[in-house]
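Colleague:
Residue numbers (this note's numbering): 10 to 326.
1) Report back the beta-carbon spacing between residue 182 and residue 299 to the nearest angstrom; my notes put them in contact at under 8 Å.
2) How many Å lie between residue 226 and residue 246 at the Cα?
3) Any chance the stretch 109-123 sits against the stretch 67-86, with 3 or more Cβ pairs inside 8 Å?
4) Considering residue 327, what are the terminal residues of the alpha helix (DSSP H) in which it resides?
5) Residues in the same chain with beta-carbon distance under 6 Å from residue 294, minus the five sequence neighbours each way, listed in chain order, please.
6) Taking all protein chains shown into account, decide if residue 84 is buried (16 or more other Cβ within 10 angstroms of its Cβ) or exposed.
7) How is residue 171 classed by DSSP in three states: helix, strand or coil?
8) Between residue 96 and residue 61, which are expected to be in contact by the criterion C-beta below 8 Å, what is the C-beta distance as a whole number of angstroms?
9) Please name the residue in 78, 291, 106 whose C-alpha comes closest to that of residue 192.
10) Please list the terminal residues of the continuous alpha helix (DSSP H) segment that includes residue 204.
11) In chain order, what residues of the same chain have a beta carbon less than 6 Å from the beta carbon of residue 4, not counting five sequence neighbours either side?
12) Taking the alpha-carbon positions, what's the residue 239 to residue 233 distance?
13) Cutting at 6 Å between CB atoms, please list the residues of its own chain near residue 23, excluding the five before and the five after it.
14) Please specify which runs of the alpha helix (DSSP H), each continuous and at least 4 residues long, are wholly inside the stretch 114-151, giving them in chain order.
15) Alpha carbon to alpha carbon, how far is residue 215 from residue 91?
16) With DSSP run on the structure shown, which of helix, strand or coil describes residue 106?
17) How big is the Cα-Cα spacing for residue 109 and residue 167?
18) Which of the three DSSP states, helix, strand or coil, is assigned to residue 270?
19) Cutting at 6 Å between CB atoms, please list the residues of its own chain near residue 151, excluding the five before and the five after it.
20) On a CA-only basis, which of 81, 228, 154 is nearest residue 172? Give me that one, please.
21) Using the rule of at least 16 other Cβ atoms within 10 Å of the residue's Cβ for burial, across every protein chain shown, is residue 100 buried or exposed?
22) Indicate the three-state DSSP secondary structure (helix, strand or coil) for residue 40 in the structure shown.
23) Might you give, ordered along the chain, the residues of its own chain that have their beta carbon closer than 6 Å to the beta carbon of residue 67, omitting 5 neighbours on each side?
24) Just to confirm my understanding: we take residue 283, look at its own chain, exclude 5 residues before and 5 after, and list those with CB closer than 8 Å. What are they?
25) How many Å lie between residue 51 and residue 241 at the Cα?
26) Can the beta-carbon of residue 164 be found closer than 8 Å to that of residue 209?
27) Quick check on residue 252: does DSSP put it in helix, strand or coil?
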């Protein structure tokens with residue numbers, strides 16, 4: 010409704026009161042923690058990591074418009090690789106590294122990070138392309154497009170609450186594998202509905218896709234945090250969230266590249282490629298979850314999940 014009444018830029022104003030409320034609630038209710046003495050700020054690591062991600066984000070989002078052979082795109086990707094190598098070397102030699110090497114040596118943490126990136130990649134990618142499909146190909150109004158997404162977003166929030174309880178009963182491996190598999194079925198079922206030009210048929214696949222992602226995100230978060238010490242929980246959480254946001258950016262860029270042809274038939278063919286990639290990535294994530302999230306620490310994961318306040322997955326960034 011905001012888009013129809015004011016314009017698409019108005020949606021960014023929604024985040025302002027929510028952000029202010031979050032700041033106040035954090036200041037008011039979040040418990041204070043003592044600072045770790047003897048540690049120094051890893052400024053070189055932070056700068057190289059931030060600029061590497063910035064270069065990757067720029068190159069990924071602009072490649073559809075400028076093309077792979079554009080000198081700007083080539084330089085941006087080269088800068089990302091160079092800064093990434095510098096970041097790894099700096100972190101390996103820094104005793105106060107922002108990202109301790111021990112985090113990467115844990116299979117549960119490493120797998121949770123990869124799965125989180127996959128989940129956000131396919132989720133944000135499909136939300137972006139479905140928005141284009143609804144408005145550019147099916148000629149739906151912004152209001153109708155928003156209504157079409159309401160069930161998916163509603164089940165996303167509802168299943169997030171359920172996931173926190175199920176993790177304690179079923180374990181991270183079972184629940185994450187189930188969530189990724191459910192999403193894969195949902196993405197696979199989207200293609201017949203899109204080919205049939207049926208918004209009604211698309212509703213159930215969207216619900217499956219959203220519910221599967223909602224089961225996965227809180228589960229892998231609990232798994233990653235339960236696998237590390239309390240001193241490293243903040244770093245592990247930040248790394249997981251960063252990987253998810255990078256995955257979201259890559260999903261929008263990749264899926265946008267698939268549907269760069271705005272014409273009806275070409276767009277639908279691009280959607281098919283995007284859905285195939287999504288299913289393959291979700292299957293890879295499910296296999297990774299089944300093989301690695303049950304390796305050691307299963308009891309810790311269940312215990313942490315049983316006492317953890319459920320974290321809702323971010324549906325807007």
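Just so you know, even glycine gets a beta-carbon here, dropped at the ideal spot from N, CA and C.
Given the structure is predicted, the values throughout are model-derived calculations rather than measurements.
Modeller: The structure says:
1) One-based indexing of the chain shown puts residue 182 at position 173. One-based indexing of the chain shown puts residue 299 at position 290. Between residue 299 and residue 182 the Cβ distance is about 6 Å, and since that is below 8 Å, they are a contact.
2) Counting from 1 along the chain shown, the entry for residue 226 is found at position 217. Counting from 1 along the chain shown, the entry for residue 246 is found at position 237. Using only the alpha carbons, I get a separation of about 12 Å.
3) no
4) Past the edges of the chain, shown from 10 to 326, lies residue 327, and the structure says nothing about it.
5) Position 285 of the chain shown, counting from 1, holds the residue named residue 294. Leaving aside the five residues that flank residue 294 on each side, the residues in its chain whose CB is nearer than 6 Å to its CB run, in chain order, 124, 127, 189.
6) Translated into the one-based positions of the chain shown, residue 84 becomes position 75. So residue 84 counts as exposed.
7) Here the question's residue 171 lines up with position 162 in the chain shown. Residue 171: helix per DSSP, three-state reduction.
8) Position 87 of the chain shown, counted from the start, is the residue given in the question as residue 96. Position 52 of the chain shown, counted from the start, is the residue given in the question as residue 61. About 6 Å; that satisfies the 8 Å criterion.
9) Looking up residue 192 in the chain shown gives position 183. Here the closest residue by C-alpha is 291.
10) Mapped onto the chain shown, residue 204 falls at position 195. In the DSSP annotation of this structure, the continuous segment of the alpha helix (DSSP H) that includes residue 204 starts and ends at 181-204.
11) Residue numbering for the chain in the displayed model covers 10 to 326; residue 4 lies beyond these limits and cannot be assessed.
12) The residue you call residue 239 lines up with position 230 of the chain shown. The residue you call residue 233 lines up with position 224 of the chain shown. The alpha-carbon atoms of residue 239 and residue 233 are separated by roughly 11 Å.
13) Taking the chain shown and counting its residues from 1, one reaches residue 23 at position 14. Taken in chain order, the list of residues that qualify is empty.
14) 116-141
15) Reading the chain shown from its first residue, position 206 is the one you call residue 215. Reading the chain shown from its first residue, position 82 is the one you call residue 91. Near 39 Å, if we compare the C-alpha coordinates of residue 91 and residue 215.
16) Residue mapping note: residue 106 aligns to position 97 of the chain shown, counting from 1. Here residue 106 sits in coil by DSSP.
17) Within the chain shown, the letter at position 100 stands for residue 109. Within the chain shown, the letter at position 158 stands for residue 167. Going from the Cα of residue 109 to the Cα of residue 167 covers about 35 Å.
18) Here residue 270 refers to the residue found at position 261 when the chain shown is read from its first residue. Note: residue 270 maps to coil in three-state DSSP.
19) Translated into the one-based positions of the chain shown, residue 151 becomes position 142. Take residue 151, set aside five residues on each side of it, and the residues of its chain with a beta-carbon closer than 6 Å to its own are 12, 13, in chain order.
20) Taking the first residue of the chain shown as 1, we reach residue 172 at position 163. The candidate whose alpha carbon is nearest that of residue 172 is 228.
21) Within the chain shown, numbered from 1, the residue matching residue 100 stands at position 91. By the 16-neighbour rule on beta-carbons within 10 angstroms, residue 100 is buried.
22) Residue 40 sits at position 31 when you count from the first residue of the chain shown. In the structure shown, the three-state DSSP call for residue 40 is coil.
23) Here residue 67 corresponds to residue number 58 of the chain shown, with the count starting at 1. Around residue 67: 85.
24) As a working mapping, residue 283 is identified with position 274 in the chain shown. Same-chain partners within the cutoff: 134, 135, 138, 263, 264, 267, 268.
25) As a working note, residue 51 is residue 42 in the chain shown. As a working note, residue 241 is residue 232 in the chain shown. Using only the alpha carbons, I get a separation of about 15 Å.
26) Taking the chain shown and counting its residues from 1, one reaches residue 164 at position 155. Taking the chain shown and counting its residues from 1, one reaches residue 209 at position 200. Against a cut-off of 8 Å, the Cβ pair of residue 209 and residue 164 comes out as no contact.
27) Along the chain shown, one-based indexing puts residue 252 at 243. In the structure shown, residue 252 sits in a helix (DSSP, three-state: H, G or I).
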